[in-house]
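Here's the structure we're looking at; comments come further down.
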Amino acid sequence: MEFLTQNFVPLMFAGLLFFLLDGFPVVFGLAATGLAFGVIGMEAGLFPPALFQALPLRIFGIMQNETLLAIPFFCCIAQTPRGPRPRGLETRHPMNL
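What follows is the structure, given as structure tokens:
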């Protein structure tokens, strides 16, 4: 138990590297590492259980933030083939294929 408390951060970094090198997307690797080591830290007595009881309220609070909600929408617009401009503004320039 003492080894875990003394080396918690390097073990967490190694866990994140494992998830990323195993091929998981960064979002899921970060979430899985945080939740897994949160449970391990709670069982080891490093974190109080109240941190996990507040997790749903924190997630719901983040989802209500309108600025953070706009980020995925902008990413979706940027991934469209022609970008966010309307089709009526296209030009017939030879370099504009």
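Sequential numbering of the sequence shown, starting at 101, is according to the working numbering.
C-beta: ideal position from N, C-alpha, C; glycine also.
Output yes or no for whether 9 Å exceeds the beta carbon distance between residue i and residue j.
i, j, result
"Ala136", "Met101", "no"
"Phe124", "Val139", "no"
"Leu116", "Leu130", "yes"
"Met163", "Leu169", "yes"
"Phe118", "Phe128", "no"
"Phe108", "Leu157", "no"
Taking buried to mean at least 16 other C-beta atoms within 10 Å of its own C-beta, is residue i buried or exposed?
i, result
"Thr167", "exposed"
"Thr133", "buried"
Between residue i and the rest of its own chain, which residues show a CB-CB distance below 7 Å, the 5 nearest in sequence each way excluded?
i, result
"Met142", "Pro149, Phe152"
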